[in-house]
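So for the sequence shown, our numbering puts the first residue at 1; every next one is plus one. Right, one structure below, let's go through it.
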Amino acid sequence: MAQIWNPQDRAEYEQSVREILDRMVGLRQGFEQLRAQTDAIWERFSTLTLERIFSRQLREFLEGIEAELQELDQRLIGADCEVDRLRTQIQERRRVLEEKIAVLEPLAHRTSTQSHISMMLSRVAGLEAHLLGKKDVALEDCETQDTRHATAPGDLLYLRIRLLTTRIAIIASNRSKHLSELDAGLATLLPEVERIKTDMTTLLTRADCIKDLSRYWLAYLDITQGEAD
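So this is what it looks like as structure tokens:
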């Protein structure tokens, strides 16, 4: 029981959660920077393309845009992969918790507390009768579904085992509930990770759109230059 969720496990969990939260903050800040860069490239592309056509500087302008887009694309892909790694880290941490909960659940529900109490009360009644020297204790007051030891030492051993088992069940139940709460807390982080993932995908789509338009204009220049030659 002590090894299922020990101080080292708690320390590793707390450290992992801090890392996850720090990475989420870093990803969100990085996304804002990437969005600002994407917006700036799009604004320059959409407002200056026509001007560069008239000044016959379109090719140089588009080649500069293309170089910026390549650098942006690498950063976006890197950030997108980081989101995937973060999601995997959360899922792995949840998997560890779920494995520990799976070990605790049978201990917590092996025998109900109510059933334990009923059987222990029956044994106490029998032990009380023995200690007080009662000879006329009704049989149904002293027996349970299990075969009861007829001696006081046997009853004491039975009660000791039942009390220990009940205590283990209560500890396991409380610990399982605690780990389930930790797992639920990790689960609440996943929607934010998915939002960041969606935002990154949107930026990648916008960058691809700019690249496609830029390549269209470059192809147009190649065609018009070929016709002129």
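For every residue, glycine included, the Cβ atom is placed at its ideal position computed from N, Cα and C.
Helix or strand or just coil, what does DSSP make of residue i?
i: residue 5; result: coil
i: residue 189; result: coil
i: residue 55; result: coil
i: residue 14; result: helix
For residue i, which residues of its own chain have a beta-carbon under 7 Å away from its beta-carbon, when the five flanking residues on both sides are left out?
i: residue 76; result: 34, 200, 203, 204, 207
i: residue 103; result: 4
i: residue 186; result: 90, 93, 94
i: residue 20; result: 86, 89, 90, 189
i: residue 100; result: 4, 5, 179
i: residue 28; result: 196
i: residue 194; result: none
Within a Cβ cutoff of 8 Å, which residues of the same chain sit near residue i, ignoring the five residues on either side of it in sequence?
i: residue 15; result: none
i: residue 69; result: 41, 207, 210, 211, 214
i: residue 72; result: 34, 37, 38, 41, 207
i: residue 223; result: none
i: residue 192; result: 24
i: residue 182; result: 13, 97
Can you list, in chain order, the residues of its chain whose CB lies under 6 Å from that of residue i, leaving out five sequence neighbours each side?
i: residue 59; result: 221
i: residue 80; result: 200
i: residue 23; result: 86
i: residue 45; result: 65, 210
i: residue 12; result: none
Self-check item: Sufficient close CB pairs (3 or more, under 8 Å) joining the segment 44 to 62 to the segment 214 to 223
Solution: yes
Quiz item: Are the segment 164 to 181 and the segment 64 to 72 touching by the rule of at least three beta carbon pairs closer than 8 Å?
Solution: no
Exercise. Evaluate the contact criterion for the segment 193 to 205 versus the segment 30 to 45: three or more CB pairs, one atom per stretch, below 8 Å.
Key: yes
Quiz item: Touching or not, the segment 156 to 165 and the segment 82 to 93, by the rule of three or more beta carbon pairs under 8 Å?
Solution: no
Quiz item: What are the uninterrupted segments assigned as beta strand (DSSP E) that are 3 or more residues long and contained completely in the segment 20 to 75, given in chain order?
Solution: none
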